[in-house]
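One structure is given below, encoded as structure tokens.
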Amino acid sequence: MGTVDNAKHKAEELIGKAKEKVGDATDNHSLQAEGLAEQAKAKLGQAGDDIRDTLRGRDGDPADENQADEDRSAR
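Dropping the structure here:
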């Protein structure tokens, strides 16, 4: 589950950076602000995912996720 969420948040962050850069280039302050807001939202989502994974005992290692799946199926 974490990989999909990470990719989604990274894509949101990149889109936000692009909007910010376009806003900078065109002197469009609302587009700059929108880009910054999207970046902040994406980073907040990444932090939330990291916290959730930590609380579930995962440290981002794919082997840990496979082990957790095996543990659940063994119950």
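Quick note: the sequence shown uses this note's numbering, first residue 50, plus one each step. Each residue gets a CB set at the ideal place from its N, CA and C atoms; glycine is no exception. Just so it is clear, the structure is predicted and the values come from calculations on it, not from any experiment.
Within the same chain, Cβ atoms closer than 8 Å to the Cβ of Gly-72 are found at His-78, Ser-79, Leu-80, Gln-81, Ala-82, Glu-83, Gly-84, the five residues on either side in sequence being excluded. Residue environment: Ala-56 is assigned as exposed (fewer than 16 neighbouring CB atoms within 10 Å of its CB, all protein chains considered). Note on geometry: alpha-carbon atoms of Asp-99 and Thr-75 lie some 35 Å from one another. If you ignore the 5 residues before and after Lys-68, its C-beta comes within less than 6 Å of the C-beta of Leu-80, Glu-83, Gly-84, all in its own chain and listed in chain order. Of Arg-101, Lys-90, Thr-103, Thr-52, the smallest CA-CA separation from Glu-62 is found for Lys-90.
Gly-97 sits exposed, since fewer than 16 C-beta atoms from the chains shown fall within 10 Å of its C-beta. Just measuring C-alpha positions, the residue of Arg-101, Lys-92, Ala-86 sitting nearest Lys-59 is Lys-92.
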